[in-house]
Amino acid sequence: ATQVVDVIDDFFEERTGLGSRIKATADVRTNSVIVQAKPAELSEVTLIIKKMDRDNSASRIEMKPVPLKHAAADELAEFLSTAIQSVLNPAQTTNNQIGGGGGGFGGNQGSQELRDSRAVVLEFLKSGGNADRLIRSGLLSDIRINGDVRTNTLLVTAPKQSMPLLEELIHILDQPSAAVSDIKVFTLTNADAQSTVDVLTELFTAQTNQQSQQQLGIQLAGATDSSSSLVPLRFQADVRTNMVIAVGGADALRMVEAVIIKLDQANSRNRQKTVIKLRNSAAEDVALAITQFLQGERDLYTLDPDRISTSQLLEQEVIVTPEPATNNLLISATPKYFEMVKKLADDLDKEPAQVMIQALLVEVQLTDNDEFGVELGFQDDVLFDRGLIDSIQSVTQTTTAPNGVQTTTQQILSQSSTPGFPFNNLPLGNNTAISPNSIGSQGLSSFGLGRASSELGFGGLVLSASSENVNVLIRALAARRNVRVLSRPQILALDNQSAQIQVGQSVPILTGVTQTAGASTNNVTYNDSGIILTVAPRISPEGQIVMEVTAEKSDFSGGVDFVTNTANGETTTVNSPIKNVTTADTSVKVPDGQTIIIGGMISESTETSERKVPWLGDLPLIGTAFRYDSSAHVRSELLIFLTPRIIHVDSDMEFLKQVEAGRIQFFHDEAEAIHGPIFGLPEQQYFDDGVGTFDPGMQLPPTPQLQQVPTPAP
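All residue numbers for the sequence shown refer to my numbering, where the first residue is 1 and numbers rise by one.
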């Protein structure tokens, strides 16, 4: 009655104005409809009610049980009901049951819900064999799907036209599940089975389906099937055999196996110990390098404490102790890091390459000196007489060499009763007993000419004439000097090791004097001089040589006097030598066997000196007698060459040794008699053509047996 009233109200809408009004009310107790209307309209309403109030329906509903083989009845009933309802009323679809019974819709729905549902017809294209079959349903209405869990059967109630489609859908969904459970047994060697199961259970927490409250597996990236995500992981420990039994998908079990292998590793407290004999590197250097490397790795891990546990830090502890006496390494490490530490020690102890560094210092000095001068002098006889010497006059001079040796030199100026010629650098006569009341006059030209050159130490051609009134000195000199110095130091150095060679002296130099209780103590330091070559080669991966080179050529000349003691009114001086140094300090990169210039200097100086009497020295021809001319031209050249050669094998060293031995002059036989064999590779001995060569130590073929010669008859 209620549904009929709703239809009449919708059909006969309330009219405005003078239109007739129809009012219908439903009596639920008697299931009757009470209508108030005009006679004409009442007859229409009566006809409509009679049409609707029929005891049979045009649509037929069938009920059919469908047994299931693989799927669960309650789950499949809920899934199909939700799928069909989502087609009819998508907005009203819920995750629960949609109608009466176990999984249907329409049984307890109101009339309004039935009217609001869309009229939908489903078509399903089934592919099978060589032909496709189209299955079409009727109007989707009044369909109920209930599941019987006990018999695992679906009870389907639906119109006759829709039943084939539902049966086909149930048949397709009732297939074996793709999720397959595997069982795997893991035998533990080091870890405890129960503790391992506790860790795995906490690690692989099962996920729960929010709809069905069913436990699921774990999601794995790159899984080959759905078993791992559908089948929950379960673990069981067998304490008796110390085994772990795991159930789950194949991919998930592979993940579990990897975790168990890690958990079953050997205890970090079990350590391996060994002694490594180093052949090339120093034990202290190798131990320091390995310790610093491992400490750096541990510091890197401890930057994030959450990424590493205490047991892992304990496992990384490695003890490396050098033993200098035998050049051994004592190593203690866990099995995980033991082989790594051994490999590091072996790599650091590889035989290093060697580099032969050959240097060449070329020094050339050209000197050109020209001197010519004239000195004239005139004086009275009185000055000559006052210069007479009655007794021997001498000068005493004491010099101290750089090595501390003192030398006293006495120079006799004149013998007794020898008249003096006080010209040029000689002092005037001071014998006051000769004509003290007479005035003596003197005139001379003094240019510092001397009988010898102050720079060269010799004078050349010297012409001198003297009397008691006249003194003449003429000196002419032309000097040419050519100095060539070749120094070729060479030294063999290991890769990345510094080496030095020095050919020269170690000169003691007094730096001070310490006086204690009247006793003096000299403070002496030693300074090296000569040819000094210091080099640190480093071989690059491409075969080039990077070198830190310091080449020095030095010597000592002259000196500076220092006062060291003024006690008791006496003055003691020490001559400190002056060091002349030529140094080249650089870093270079050189290919193997190539010669380069690492430094050099070319200097040239010209000095011209003119000393003369004003005006007179400029006169033509005769002006030469009143002047002194000198010129000096010096040119010096210094170049430093460097040639590094990598020694890969012993034959390279032997080759260089033979080449260098051929450049020096010595008697080979005498040297071997004193030193022994010089060359390690003996020379080949050549025989006649067709015989070949013979090397000492080679195996010779056996000597053939000669046939017995018969004895001649008598």
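The beta-carbon is built from N, C-alpha and C at its ideal position, and this holds for glycine as well.
Residue range of the unbroken beta strand (DSSP E) whose run includes residue i
i, result
"glutamine 379", "354 to 379"
"valine 634", "627 to 647"
"glycine 296", "Element bounds for glycine 296: not the beta strand (DSSP E) but the alpha helix (DSSP H), 283 to 301."
"isoleucine 145", "144 to 148"
"arginine 234", "234 to 238"
"phenylalanine 679", "Neither: phenylalanine 679 is in no beta strand (DSSP E) and is coded neither H nor E."
"threonine 25", "23 to 27"
"valine 231", "From DSSP, valine 231 is part of no beta strand (DSSP E); its letter is neither H nor E."
"proline 65", "61 to 67"
"phenylalanine 186", "182 to 187"
"glutamate 323", "319 to 323"
"isoleucine 717", "Residue 717 falls outside the range modelled here, since the chain spans only 1 to 714, and no answer is possible."
"valine 244", "243 to 248"
"glutamine 316", "Where glutamine 316 is concerned, there is no enclosing beta strand (DSSP E), given that its DSSP letter is neither H nor E."
"isoleucine 726", "Absent from the model: residue 726. The displayed extent of the chain is 1 to 714, so no value can be given."
Residue i, DSSP secondary structure in three states
i, result
"alanine 345", "helix"
"lysine 350", "coil"
"phenylalanine 204", "coil"
"threonine 196", "helix"
"glutamine 685", "Caution applies to glutamine 685, whose pLDDT of 47 falls short of 50 and renders its modelled position unreliable; the value that the coordinates give is listed next. Glutamine 685 falls in the strand class under three-state DSSP."
"glutamine 594", "coil"
"arginine 254", "helix"
"aspartate 585", "strand"
"glutamate 455", "coil"
"valine 613", "coil"
"alanine 671", "helix"
"serine 111", "Only weak support is given to the placement of serine 111: the predicted model assigns it a pLDDT of 41, under 50, and the value that follows is read from those uncertain coordinates. If DSSP states are grouped into helix, strand and coil, serine 111 belongs with the helices."
"proline 305", "helix"
"isoleucine 261", "helix"
"leucine 173", "helix"
"isoleucine 539", "strand"
"valine 382", "helix"
"leucine 122", "strand"
"phenylalanine 447", "coil"
"threonine 624", "helix"
"leucine 278", "coil"
"leucine 619", "coil"
Beta-carbon proximity check, residue i vs residue j, cutoff 8 Å
i, j, result
"threonine 511", "valine 503", "no"
"leucine 76", "leucine 173", "yes"
"alanine 1", "valine 35", "no"
"alanine 476", "phenylalanine 626", "no"
"asparagine 369", "leucine 473", "no"
"threonine 534", "threonine 516", "no"
"isoleucine 260", "valine 247", "no"
"asparagine 527", "isoleucine 509", "yes"
"serine 529", "glutamine 497", "no"
"leucine 486", "valine 374", "no"
"valine 405", "leucine 330", "no"
"asparagine 580", "threonine 400", "no"
"valine 256", "glutamine 194", "no"
"proline 67", "asparagine 152", "yes"
"aspartate 142", "isoleucine 84", "no"
"leucine 154", "alanine 73", "yes"
"leucine 122", "leucine 165", "yes"
"leucine 348", "alanine 289", "yes"
"methionine 52", "valine 7", "yes"
Residue i: first and last residue of the uninterrupted alpha helix (DSSP H) it sits in
i, result
"glutamine 3", "2 to 11"
"serine 162", "That residue, serine 162, is in no alpha helix (DSSP H); it is neither H nor E in DSSP."
"glutamate 75", "73 to 88"
"asparagine 652", "The sequence shown places aspartate at residue 652, not asparagine. Counting along the chain, the alpha helix (DSSP H) containing aspartate 652 begins and ends at 650 to 661."
"serine 43", "39 to 52"
Any non-hydrogen atom of the ligand GTP within 7 Å of residue i CB
i, result
"threonine 153", "The ligand GTP is absent from the structure shown, which contains no ligand whatsoever."
- Message: Measuring CB atoms only, is the stretch 640 to 654 touching the stretch 358 to 365, in the sense that at least three cross pairs come out at less than 8 Å?
- Response: yes
- Which ranges would you report for the beta strand (DSSP E) in the stretch 458 to 522 if only whole runs of at least 3 residues count? 461 to 466, 470 to 487, 490 to 494, 499 to 516
- Message: For the structure I just gave you, are there three or more beta carbon pairs, one from the stretch 331 to 346 and one from the stretch 614 to 633, closer than 8 Å?
- Response: The stretch 331 to 346 makes no contact with the stretch 614 to 633, as fewer than three CB pairs between them are under 8 Å.
- Task: Give a yes or no on contact between the stretch 547 to 561 and the stretch 587 to 604, applying the rule of three or more CB pairs nearer than 8 Å.
- Result: yes
- Task: Answer yes if the stretch 62 to 77 comes into contact with the stretch 139 to 150, meaning at least three C-beta pairs across the two stretches below 8 Å, and no otherwise.
- Result: yes
- Counting Cβ pairs, one atom from each stretch, are 3 or more of them under 8 Å apart for the stretch 626 to 636 and the stretch 444 to 460? The stretch 626 to 636 makes contact with the stretch 444 to 460; the number of CB pairs closer than 8 Å reaches 3 or more.
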